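Below: one structure, written as structure tokens.
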Amino acid sequence: MIWALVAGLAPTLLILLTMSALISAAETSMTAASRGRMHQLEREGDQAARRVNKLIGNQETMIGAILLSNNVINIFASVVTTQVLGAAFPGWLGAAIATAVMTVLVVIFSEILPKTIAIARADDTARSLSIPTYWVVRIFGPLADGAQWIVRQTLRPFGIKLDAGTDVLAAHEEIRGAVEYHHSEGLVESRDRYMLGGVLDLAEMDVSEVMVHRRSMETVDGDLPPREILAETLASQHSRVPIYRGDAENVVGVLHVKDLLQALAETDGRIDDLDIAAILREPWFIPETTSLKDQLAAFLKRQNHFALVVDEYGALQGLVTLEDILEEIVGEIEDEHDVVAAGVKPDADGSVVVEGSVTIRDLNRAMDWDLPDDEAVTVAGLLIHEAQQIPEVGQTYTFHHHRFRVEARKGARVTSLRVEPLPRDDGE
């Protein structure tokens, strides 16, 4: 009698578990498939890739429909199994056996096995299952949308508002996660990892984080005689020099070396006849809260690669150039006129001597570290933020799995530190 019931249950259970396995494989393959390859195949006329792109285009509804259908099938299979085994075994024993059997079968054959195959061959699996997935979404999609509406209404009283366009995945984080994963697998080099990460970070960083601070700006007094202005401009490492009058922060124009040489040629080399004020370019002031992404677009639009940064009160804070932004992507750019000042000097004992003005991002890139740069821009700024005071020479602090020792200080500025990475405990 018992074996007859089990034999009668087997075909139904096999069909339900197969359907559940296919749906699980579809869920994994659709989210893991290469969108770039799917778009390329669609352009080549592949109809399966076209269906995959259409499904991925409304990812929230697709995932909701898949999860809903999979749960319906698994619950139905569990109910059928419980009824059959409950009739064969008295009391709670039938339900216990049904629970154990269905747990093993669903976890192994409807979850782990199909998802493993789907991950290994995501593109091919997604294309193969595009038709059944399309009909699952057509049938269960409206129910999934209704469930999402109920979820939003339930969360609204708790202050959690999700609009209808909220996606389950953020594109930038998806790309960043893929880059980090492939880097950990050794498929993406550290330099490429930082370049791709730098592109993604442009929208999250302000110009204040990459600008040359006003203390480090090379400026020239516009009240000096033309000969001295020429000498100081040529002595500068840069092709554009801010010109001020009276107060060093009162920038009245920007002197371009090319304009200066052209004016010099027009006066037949008579330096004292130069009219510096006539060849100054109007300064471009931007707020310090401007994102690097917006400023990069502004540089390209205005065809101007030099801007002065001011705070909310209009006070000069520094300057930023196109090169400063590009260096956040590709790393330090040096030419034949740059003075190579190695702000990071590794020592034989494993520690690193760092100038206080070195940015945390540059130190992380140079040493492949992961010091946080949310609260400070420079290494000295990070130390002051963590110490909550201006440290004295010789003081040592330990945070973020690194030991920081102040080597030199000039006034209130920490000019040199020794940083030593500390071993991490397992699991950190």
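Under the working numbering, read the sequence shown as residues 96 to 523, first letter to last. Glycine included, each C-beta is placed from N, C-alpha and C at the ideal position. Just so we're clear, the structure is a prediction, and the values are computed from it rather than from any experiment.
> In angstroms, rounded to a whole number, what distance separates the CA positions of R64 and V449?
Replying inline: Only positions 96 to 523 of the chain appear in the structure, and residue 64 is not among them; the question remains open.
> If you drop the 5 nearest sequence neighbours on each side, which residues of the same chain put their C-beta closer than 7 Å to that of L180?
Replying inline: G189, I192, A193
> If you follow the beta strand (DSSP E) that Q412 is part of, which residue opens it and which one closes it?
Replying inline: 411–416
>> Closest to G364 by C-alpha separation, out of I424, W244, T384, L325, would be which residue?
In response: L325
> Taking the alpha carbon of L200 as the point to measure from, which residue in E481, A215, T176 has its own alpha carbon closest?
Replying inline: T176
>> Tell me the rounded alpha-carbon separation between D389 and N148.
In response: 30 Å
>> Whole angstroms are fine: how far does the CA of R498 sit from the CA of A443?
In response: 16 Å
> Quick one: Cα of A182 to Cα of G152, how far?
Replying inline: 47 Å
> What residue ranges within the segment 419–500 form continuous beta strand (DSSP E) runs of no fewer than 3 residues, ordered along the chain?
Replying inline: 439–441, 447–450, 491–494
> Exposed or buried, R310, counting other C-beta atoms within 10 Å across all chains shown (16 or more means buried)?
Replying inline: exposed
> Since H351 is in the beta strand (DSSP E), which residue starts that stretch and which ends it?
Replying inline: 346–351
>> Which same chain residues end up closer than 6 Å to I374 when comparing Cβ atoms and leaving out the 5 residues on each side of it in sequence?
In response: D354, A358
>> Using CA atoms only, rank isn't needed, just tell me which of T493, R288, Q483, D318 is closest to A372.
In response: D318
> Shortest alpha-carbon distance to I168 belongs to which of V415, V404, L111, R376?
Replying inline: L111
> Whole-angstrom Cβ separation of L387 and E423, contact assumed at under 8 Å?
Replying inline: 7 Å
> With C-beta atoms as the reference, is A239 less than 8 Å away from A160?
Replying inline: yes
> Near S452, what residues of its chain come up, given a Cβ to Cβ distance below 6 Å and the 5 sequence neighbours on each side ignored?
Replying inline: T473
> Curious, which full-length alpha helix (DSSP H) runs of at least 4 residues does the segment 159–236 contain?
Replying inline: 187–200, 208–215, 217–223
> Exposed or buried, which one is T126 when buried takes at least 16 other CB atoms within 10 Å?
Replying inline: buried
> D389 bridges to which residues according to DSSP?
Replying inline: Answer by DSSP bridge pairing: none, since D389 is not bridged.
>> Considering Cα atoms alone, identify which of P321, G293, Q332, E323 is closest to M312.
In response: Q332
> Would you say G445 and E515 are within 8 Å of each other, going by their C-beta atoms?
Replying inline: yes
> Opposite H400 in the DSSP bridges: which residues?
Replying inline: In DSSP, H400 forms no bridge with anything.
> In three-state terms, what does DSSP make of S303?
Replying inline: helix
> Just curious, the beta strand (DSSP E) that T510 is in, first and last residue?
Replying inline: 508–516
> So I420 and V305 are in contact, right, with Cβ under 8 Å, and what is the actual spacing, rounded?
Replying inline: 7 Å
> Is A128 helix, strand or coil by DSSP?
Replying inline: coil
> What residue from A507, G506, L512 has the CA that sits closest to T493's CA?
Replying inline: L512
>> Mapping the DSSP letters down to three states, classify D354 as helix, strand or coil.
In response: helix
> What's the C-alpha gap between D287 and A116?
Replying inline: 38 Å
> What's the C-alpha gap between W244 and F380?
Replying inline: 47 Å
> Do you know whose CA, among Q398, L417, T156, lies nearest G241's CA?
Replying inline: T156
> Does the Cβ of N345 have 16 or more other Cβ atoms within 10 Å, making it buried, or fewer, making it exposed?
Replying inline: exposed
>> Whole angstroms are fine: how far does the CA of L150 sit from the CA of E137?
In response: 13 Å
> Out of curiosity, what's the CA-to-CA distance linking G409 and L403?
Replying inline: 11 Å
> Just to confirm, are E481 and V501 a CB contact at a threshold of 8 Å?
Replying inline: no
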